[in-house]
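*Asks:*
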Amino acid sequence: MTGTKMLSPKDRPTALDMVRVLRFWHKVEFFIPFDLQKQVLEARDADWAVRSWSLQDLPHGTDGLWSFRVPRGRKLVGFDVYLGIFDTSVLTGVVRGALSEQEELDQDERGDLEGPTCMAKVKAGPSGEPLLEEVSVSTAPWALGRVRMEGLTGLDFDAFQGSTETLKLDLQQFRSARAAGGAPPPGGEDGTDGPAGGPTAAPLSGEELKTLLALFQRWAGFSLDALGADRPILVIRAKSVENRKKEGAAAASREAVRADEDDESEGDEADLEIDILNSFFARDIARAIRSLERQETCAALEAYLSPIPEERRLDLYSAKGRAHIRKTLTPSRLPAGHWPDEPAHAMSLMQQFAVNSLLDRLDEGGVFSVNGPPGTGKTTLLRDVFADVITRRARALADLPSPQMAFSGSRRVEFRDRTSCSVSALCEELTGFEMVVASSNNAAVENLSRDLPKSKALGRTAWRDENGGAKVRYLQTIAHNMAAYAGKRGYLDLSGKDGRGDDIPWGLIAGALGKKANRSRFSNGLGQDGSRKEPRPNGFDPELHQSVWTWRKSADRTTFAAARDAFHAADRAVSQRVEALERYAELVEVRLRGQTLESFIASAESALGQAREAVAGAETELGRLSKDIGLCDRQLEVLRENERVIEADRPRWWERWLRPERERRRKAELDGIRQQMKGQLDRLYHAQERQDRAEARLASARTELADAEAALAHRRGEWHALQAERRDLAEAFPRVRFPSTDDDLEQDRWQIDGLWRDDTLNLLRSRLFAAALGLHEAWLAEVLQPNGGFGGNVVAVSKLLSGTRPSDRDDALAIWQSLFMVVPVVSSTFASIGAQFQELGPDSIGWLFIDEAGQAVPQAAVGALWRSKRAVVVGDPMQIEPVFTVPIRLIDALARDAGLTRAARMAPHQASVQTLADAANSLGALVPVGGEMQWIGSPLRVHRRCVDPMFTVANAIAYQNKMIFFDPDTPESRLPPAGTLDLGPSAWVCLGGVALAKQVVPDQVELVSRAVQTLYRRTTALPDLYIISPFRRIKQALFDAITDLERWPSDGRPNAGDLKDWCKARIGTVHTFQGKEESVVLMVLGCDRNSVGAARWAASKPNLLNVALTRAKHRFFMIGDEALWAGLPHFSDAESGRLPRITPETFLERVQGEPMPTPIPVKALPQAVSDLSRRQTSGQALV
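Here is the structure:
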């Protein structure tokens, strides 16, 4: 069915409009700086592996450049050299004009425009020798130079590509000069005054690094001379791997050079390649622009860039919307496949509506958005979509007469490492089912793809045995091989401390790909196990841990034919149950809806009454006509008698002659009688005709009367039969209930339980999904046998995932499609999509699922959408807005240059992937946000994560009280469960103070620090809680204070490394905790009267408070100045009736777990806060 995503020509924006938006995003990407601080300077091994150099400190030769003290057990295998260090604040100078206070705070907290960045990265070997075949450059300095020379119109990807070609020539000349014994000079190409150099394999000297620096500055047209000789100008990061005795240095070097590169070019290492260091999306946006200009079909991307006109929207909160929901949820539209969950765990009303709608509307391609507030079951929804897509492909498999008929042909595929293998192409019927989950949030996508294969994802009683083992399996031993292998530690025991085996994989349903390390790990797990390793890895079990090659040798496997028969049987069982439920729906919703016996037979009784009236009327008419005929007969008889008398009285002839008058009178009288007789005969004739017709009508009426009597009897019998059928169906479907009206759908119970809930059908649908997986497994088992046609495909998959690309880009599609026949779902961050699927073109991926879409800048999804035919976008615009790293004024200038106004709302600080996908969805709701009405995609409403008061407050401030608590009838379900960290009821800890470093209130920092220390003493472990703030400066102050072990009691200090890791994972701004949850959350507000503008910014939208609240499952503590914050928008909803007020002393007493004899005084300002304040005041870089 064609859905709303297929726009008519008059509604679809022109290709020029879409290209204009893409060009705008493309130019924004040019200015995104590489985050040297987070990526390098704050790396886990930075204390020994990272070293900064200024120009004045850089040695002439190599002294000290490449000497690093490598920790025991690790081997030095190479270096990354980051050249041309400058501060990202330089970007703000591109455009002038002061920001408003609101924009300045938005820039500060969301813009992330602080800290160092760089021009380029060059790789070096373990001795410091340059590896110039792998160079990465940042587009940001190039864009700065370009704008200064030509203005914003000078930004063009073709121009950038041209400049990189020139840069390649310069680098090749540098490499050739080194090979010949002399490096080129910094200032030009004449060969004079250049430093003497050694061969290519020699380490880079300080002078050569200066030469490379000058080369990159010349390429960018951006000079760093004004920074001064004492400022850091380059950073060298040493790279190491575990010291594996049996591996040679060359192999270790290759591993290190590639081990932690997430998304760089994976081209032929013999060629000098220049990749983009700072932007993961620029190349893909350029590809999409060219594709649209060529008018290629890009179904999902075109829909994404095509807002639905307002008149075509259907508000699901309206009466028409509710009618549409009810129509969409008829049993016949229920997807056949269902995740193996507990049969009684039915989807909520809007979950099932979203699943039904997206499967229907995306049949031909496009975008469908789901608005999923926290805890509303987004993962549950996606699992059912996965199950149905896999089931649909199984139907195509089941139509094949033999496994080998799945292939349309084969060819020899050459790879860049000069190897080759035979790859069979799948027939068209088996393609289009590929599923990719993508997000800007790495944890979100990896958690989804790594949790789906675990046994805990299955229904506990229906799909797991008494020991916790899975009752459904799909390539289980291969999945176990991947999940359990831990390198030098061998194979881990995944049964868990409780022995439940929740983490033991049940099947290879999904895989975490994306960055190189993930792809390599997946490839190794697919193709290798411990059976060929000597000595055998610890924990290796050949029955549990198998590569695909070991698995294919297993005996006693179900044949393809048997698996096909089992699938058909399961499919018929589902169809029959659905048909019965659809019949039940027809009876209740159509045939018998609002009916009684009287109303059901009313029409038949009316027809019977009309038939009786018709008979009576026909009889009356016939009687009248009979009387008329009798009267005519009598009158004719009289006239005939008169005629006879007159005729008998005829005079003789002579009398007629003698008396002619008399004869004339007699004739005249006779003529009159005869004339009357003629009239009576005519009347008699017509009466007889009418009598014939009346007799016919009477006969017909009597027949109709008999029919009506029979129809009434039949209708009565039908009523009783339908009632009996309904009773039988009601017994067959005991949990099915029916709303009286469409408006009833707003009631909590209908929203929670949904429509047409049937545990048996859920179980049958899950069994069908299990049979679909069984059919896929049986097919793989046969085609993976020697000469089966698919072994070469798996070899090709392993090579591709390991980083060896096919020589012909066109061969990649068949290889990727082969992977999806093995693992149906893979995940990736947006940042890795371009590198991972670099050879794939438009509409080459069947299904794209975007998670946490509200957190992603709109251009991040372009590459994934361009490659996909269908996209399901899931997120919540009421959660954290995207983080952007380009100045707002610069974004506005780029938008104006592209011909876009602010009203277009396409800029990364105004829009997200979610808001654009929502605008492209005709099914949604219009909700008030910040004084404006905002259109959101199909909403989910039943919340299952947070207890009160978090649920109630978040529902009020962000969701117009449209969210519904999953168990409204059980008050205890709204309270924290036993066994959680008990700090008493949630509360507002009233604590103000003077703010330093803009928003940091030292007393609040100290209170939280003391609480963490006390909890550590109380539980002998660092606590399971999150510490969240709206502001980065408060986050940094908390981090500095809590990691300062000198402030901890001497008799109760954690390990320094453990504490630092804990703080990194559990202290952050609200932005960093999107998609996470914990039992307890502390929210530190900060600010004072002098920084009330920052507080107003944090309260201007519900997003920040909403995210903080919904991270906490059980308890939430807001720490801040009530007088300052409680009257602000959204925070005022956390009034004392919902979030009681307590003092800091009471809070610390709760933390300690028992009453304290005297209040704990709040210490003086931590030194860390003072240091932070000084850094902010001086603008000191963090390098």
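Under the UniProt record's numbering, think of the first position of the sequence shown as 1, with each following residue one higher. Ideal placement from N, C-alpha and C gives every residue a C-beta, glycine not left out. These numbers were taken from a predicted model, which means no experiment stands behind them.
Helix, strand or coil, according to DSSP, for Ala925 in the structure here?
*Replies:* Ala925 falls in the strand class under three-state DSSP.
*Asks:* Give the straight-line distance between the Cα atoms of Val389 and Phe433, rounded to the nearest whole angstrom.
*Replies:* Roughly 6 Å between the two C-alpha positions.
*Asks:* Grab the span of the alpha helix (DSSP H) containing Ser520 for me, first residue to last.
*Replies:* Taken as a continuous stretch (DSSP letters only), the alpha helix (DSSP H) holding Ser520 covers Lys516 to Gly527.
*Asks:* Can at least three beta-carbon pairs, one atom from the region 775-786 and one from the region 541-553, be found at a separation below 8 Å?
*Replies:* Cβ pair count under 8 Å is three or more, so yes.
*Asks:* Should Tyr685 go down as buried or exposed, given a rule of 16 or more other Cβ atoms within 10 Å for buried?
*Replies:* Tyr685 should be labelled exposed.
*Asks:* Could you tell me which uninterrupted alpha helix (DSSP H) segments, each at least 4 residues in length, are contained entirely in the region 681-755, listed from first to last along the chain?
*Replies:* Segments of the alpha helix (DSSP H) lying fully in the region 681-755: 748-753.
*Asks:* Give me the Cα-Cα distance between Arg767 and Ala562, rounded to the nearest whole angstrom.
*Replies:* Answer to the nearest angstrom: the Cα atoms are 15 Å apart.
*Asks:* Measuring alpha carbon to alpha carbon, tell me which of Trp506, Asn447, Gly490 and Pro401 ends up nearest Pro453.
*Replies:* Measuring from the Cα of Pro453, the nearest candidate turns out to be Trp506.
*Asks:* How many Å lie between Lys327 and Gln914 at the Cα?
*Replies:* Each residue's alpha carbon lies about 26 Å from the other.
*Asks:* Which same chain residues end up closer than 6 Å to Asn356 when comparing Cβ atoms and leaving out the 5 residues on each side of it in sequence?
*Replies:* So the qualifying residues of the chain are Thr328 and Arg333.
*Asks:* Which residues does DSSP pair with Val436 in a beta bridge?
*Replies:* The partner list for Val436 (beta bridge, DSSP) reads Val826 and Leu848.
*Asks:* Mind checking His345: buried by the 16 CB within 10 Å criterion, or exposed?
*Replies:* His345 is exposed by the Cβ-count criterion.
*Asks:* Using the Cα positions of Val235 and Ser807, report the straight-line distance between them to the nearest angstrom.
*Replies:* Rounded to the nearest angstrom, the two C-alpha atoms are 35 Å apart.
*Asks:* Compute the Euclidean distance between the alpha carbons of Gln476 and His545, then round it to the nearest angstrom.
*Replies:* In a straight line, the C-alpha of Gln476 is about 9 Å away from that of His545.
*Asks:* Over what stretch of residues does the beta strand (DSSP E) that includes residue 1185 continue unbroken?
*Replies:* Only positions 1 to 1183 of the chain appear in the structure, and residue 1185 is not among them; the question remains open.
*Asks:* Evaluate the contact criterion for the region 817-828 versus the region 508-521: three or more CB pairs, one atom per stretch, below 8 Å.
*Replies:* Yes: at least three Cβ pairs fall under 8 Å.
*Asks:* Are the region 940-950 and the region 357-366 touching by the rule of at least three beta carbon pairs closer than 8 Å?
*Replies:* At 8 Å Cβ cutoff, the stretches do not touch.
*Asks:* Please tell me whether Leu981 and Pro1144 are closer than 8 Å, where the distance is taken between their beta carbons.
*Replies:* In this structure, Pro1144 does not lie closer than 8 Å to Leu981 by Cβ.
*Asks:* Using the C-alpha atoms, what's the distance from Ile629 back to Arg662?
*Replies:* C-alpha separation (whole angstroms): 35 Å.
*Asks:* Give the secondary structure of Ala120 by DSSP, where H, G and I count as helix, E and B as strand, and everything else as coil.
*Replies:* Strand, per DSSP.
*Asks:* Could you spell out where the beta strand (DSSP E) holding Ser408 opens and where it closes?
*Replies:* Phe407 to Glu414 is the span of the beta strand (DSSP E), which, as asked, contains Ser408.
*Asks:* Provide the residue span of the beta strand (DSSP E) that contains Ile276, from first to last.
*Replies:* Element bounds for Ile276: Glu273 to Ile276.
*Asks:* Output the distance between the C-alpha atoms of Arg287 and Asp753, rounded to the nearest integer angstrom.
*Replies:* The straight-line gap from Cα to Cα measures roughly 46 Å.
*Asks:* If you draw a straight line from the alpha carbon of Asn1090 to that of Ser1100, how long is it in whole angstroms?
*Replies:* C-alpha separation (whole angstroms): 18 Å.
*Asks:* At least one CB of chain D closer than 8 Å to the CB of Ser357: is that the case?
*Replies:* In the structure shown, chain D does not exist; there is a single protein chain.
*Asks:* For Ser253, which of helix, strand or coil comes out of DSSP?
*Replies:* Unreliable positioning characterises Ser253 in this predicted model, as indicated by a pLDDT of 37, which lies under 50. A coordinate reading is not provided.
*Asks:* Could you please give me the residues that DSSP links to Phe86 through a beta bridge?
*Replies:* Paired residues: Thr117.
*Asks:* Counting only the same chain and skipping the five closest in sequence on each side, list residues whose C-beta sits under 7 Å from that of Trp935.
*Replies:* Excluding sequence neighbours, Trp935 sits near Arg313, Asp918, Ala919, Gly924 and Leu926.
*Asks:* Which same chain residues end up closer than 8 Å to Thr117 when comparing Cβ atoms and leaving out the 5 residues on each side of it in sequence?
*Replies:* Pro33, Phe34, Asp35, Leu36, Ile85, Phe86, Asp87, Thr88, Ser138, Ala140 and Asn278, listed in sequence order.
*Asks:* Could you work out which residue in Glu637, Val90, Asn243 and Thr62 is closest to Leu209 when comparing CA atoms only?
*Replies:* Leu209 has its Cα closest to that of Thr62, out of Glu637, Val90, Asn243 and Thr62.
*Asks:* Using only CA atoms, which one of Ala835, Ala796 and Pro739 lies nearest to Phe820?
*Replies:* Of Ala835, Ala796 and Pro739, the residue nearest in Cα terms is Ala796.
*Asks:* Candidates Val645, Gln688 and Gly679: which alpha carbon is nearest Leu670's?
*Replies:* Closest option to Leu670, Cα to Cα, is Val645.
*Asks:* Name the two residues that bound the continuous alpha helix (DSSP H) containing residue 1186.
*Replies:* This structure leaves residue 1186 out entirely; the chain is present only between 1 and 1183.
*Asks:* When the distance is taken between beta carbons, is Ile1034 closer than 8 Å to Gln1074?
*Replies:* No; because the gap between Cβ atoms is not below 8 Å, this pair is not in contact.
*Asks:* Looking at the structure shown, is Ala238 part of a helix, part of a strand, or coil, going by DSSP?
*Replies:* The answer is strand: DSSP assigns Ala238 an E or B state.
*Asks:* Could you tell me the alpha carbon to alpha carbon distance between Leu205 and Pro59, rounded to whole angstroms?
*Replies:* Here residue 205 turns out to be Ser, not Leu, going by the sequence shown. So the two alpha carbons sit approximately 8 Å from each other.
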